[in-house]
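Start counting the sequence shown at 1; every next residue gets the next number (full-length UniProt numbering). In this text, a Cβ means the ideal position worked out from N, Cα and C, and glycines have one as well.
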Amino acid sequence: MGKWAELPEDLLVLTAQRLILLEDFLSFSGVCRSWRSVAINDNFKGSEQTPWLMLARKDKPDDRQFISLRKGGVIRTVNLPEARGTRCLESLGWLVTISQDGDMNLLHPFTRVQINLPQITKNYHLDSMKNHLSFVHKAVLSSRPEESNDYALVVIYGCSRRLAFWRPGDKSWTGVHVGLISFCDINFYKGLCYGVISNGMVLAFDVWGLNPPLAWHVGYGAREFIGHSGLKQLYVVQSADVVLIVIRDFREACLPVFLEDDHLGFSNNGESRVYYATCGFKVFEVGECVEKTSLGDNALFLGDNSSVSVVASRFRGIKSNCIYYTNNFKRREGNYMCIYNMEDGSHRPCYEEESSGLTCPPMWVNPS
């Protein structure tokens, strides 16, 4: 160890700057004190990262474990008392936390920097803490807050699943004028926020444009493929410089589970009468309405995070032409995280551990 610690500082800096993945950079910083001294943000040149899986620990409710699929195990455990008892969503490596009384914050899980947000529930009469926790369905950032103060946070909120956004300095949320439209998912692409509704129609709006902003129609993704039969969940994600709509199909199963979303149907004792298992995915390019049978060298990560695509060949351990997904319900034997293979339609677990509590299901976090 002594010889490793005696390496010249300029050589250590060059080595640190050649590391692409954040988990490798963290391992580098843990070798010894001299290595840790050069493992600073200015020396990390990595850009695109593979998402880590964030799990809550049942025995330590303040802790969050971060799992690297590339490493095949826990890469970091972080004490996050700020997240205890909150519902967490994710975008660009930041958590959006919603407390039982409706307080909202942006929280960076590694630096623990916290940015207070206005309450979005204050104009609504919610009769239970569960309604506060589930009031916000999705949250996406336009850019990373640590890189610039010129960013926006857009959310899908309420039973009607409307859109609102917040920018630094705003005292309240700004609604987006879209009429009586309920959104399934949102994401940013080239500065615009794209949203998909249940019939596959895709709209976009500019958070830096008109005030109040107006959304416009940009195309359909698979309108004739959606139909009205069966439970489906829609995602919007940028991949290979195009906007994709992903349809997640569910099937009914007979085992009871505890579900997070009211629309899936609770019985009086808190157990559902049925549960819904993911049976497949369909992928479409916006405007084409033709099903894509392959993602090529890309892999998608879907869940309560802002959906993301990565080039699989750049990262050992990530499989191309696959969809990595998490479930937002809890089975009796625990939450699960799976990989869907677009080529053969197969599913297999990507990590076997569970995340405790309905307020913190397993979630992809894009590390920064």
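Presumed contact (8 Å Cβ cut-off) between residue i and residue j, rounded CB distance
i	j	result
V310	N298	7 Å
G206	V196	Sequence check: residue 206 is Asp here, not Gly. Rounded, the Cβ-Cβ distance is 17 Å, inconsistent with contact.
E82	M363	Going by Cβ atoms, the distance from E82 to M363 rounds to 16 Å, so no, they are not a contact pair.
F315	T15	About 20 Å; that fails the 8 Å criterion.
R348	C360	So it is not a contact: roughly 24 Å between Cβ atoms.
M342	T293	7 Å
M173	P118	According to the sequence shown, residue 173 is Trp rather than Met. Right, the Cβ-Cβ distance comes to about 6 Å (below 8 Å), so this counts as a contact.
Span separating the alpha-carbon of residue i from that of residue j
i	j	result
S306	G345	24 Å
N321	Q65	27 Å
G169	Y194	23 Å
G280	Y340	7 Å
M54	R18	26 Å
A289	V202	As written in the sequence, residue 289 is Cys, which differs from the Ala given in the question. Distance between the alpha carbons of C289 and V202 is about 12 Å.
V78	C88	15 Å
N105	P61	19 Å
S267	V136	Here S267 scores only 40 on pLDDT, less than 50, and its place in the model is too uncertain to base an answer on.
L295	E352	25 Å
F258	T86	In this prediction, F258 scores a pLDDT of 40, lower than 50, which makes its location untrustworthy; the coordinate-derived value is nonetheless stated afterwards. Rounded to whole angstroms, F258 to T86 spans 18 Å at the Cα level.
V74	L12	25 Å
Y157	K138	7 Å
K232	R57	30 Å
Y325	L300	8 Å
V176	D101	25 Å
D24	A312	17 Å
K3	D10	15 Å
D103	L153	15 Å
V286	I245	7 Å
R273	F183	Model confidence at R273 stands at a pLDDT of 46, short of 50, so the residue's coordinates are unreliable; what they give is reported in the following sentence. Using only the alpha carbons, I get a separation of about 26 Å.
F188	Y151	11 Å
I181	V365	29 Å
H217	A164	18 Å
R70	L21	10 Å
R248	I120	28 Å
P213	V155	14 Å
Buried or exposed by the 16-neighbour rule on C-beta atoms within 10 Å, applied to residue i
i	result
S99	buried
D304	buried
W52	buried
S239	buried
N149	exposed
P8	exposed
S128	Model confidence at S128 stands at a pLDDT of 49, short of 50, so the residue's coordinates are unreliable and nothing is read from them.
L141	buried
N211	exposed
V113	exposed
L367	First, the amino acid is wrong: residue 367 is Pro here, not Leu. Flag for P367 reads buried.
S68	buried
G109	It is worth fixing the name first, because residue 109 is Pro in this sequence and not Gly. Its Cβ being crowded by 16 or more others within 10 Å, P109 is buried.
C350	buried
A5	exposed
G191	exposed
G200	buried
K330	Confidence is the limiting factor: at K330 the pLDDT is only 47, short of 50, which leaves the residue's position unreliable and the question unanswerable from this model.
Inset, instruction - Would you check if the stretch 89–106 and the stretch 136–145 touch, i.e. whether three or more CB-CB distances between them fall below 8 Å? - result: In this structure the stretch 136–145 touches the stretch 89–106; the number of beta carbon pairs closer than 8 Å is three or more.
Inset, instruction - Scan the stretch 167–218 and note each continuous beta strand (DSSP E) run of 3 residues or more that stays entirely inside, going in chain order. - result: The beta strand (DSSP E) runs lying completely inside the stretch 167–218 and spanning 3 residues or more are 183–189, 192–197 and 201–205, given in chain order.
Inset, instruction - Would you list, in sequence order, the uninterrupted beta strand (DSSP E) runs of no fewer than 3 residues that lie entirely inside the stretch 279–326? - result: The qualifying runs are 298–302, 308–311 and 322–326.
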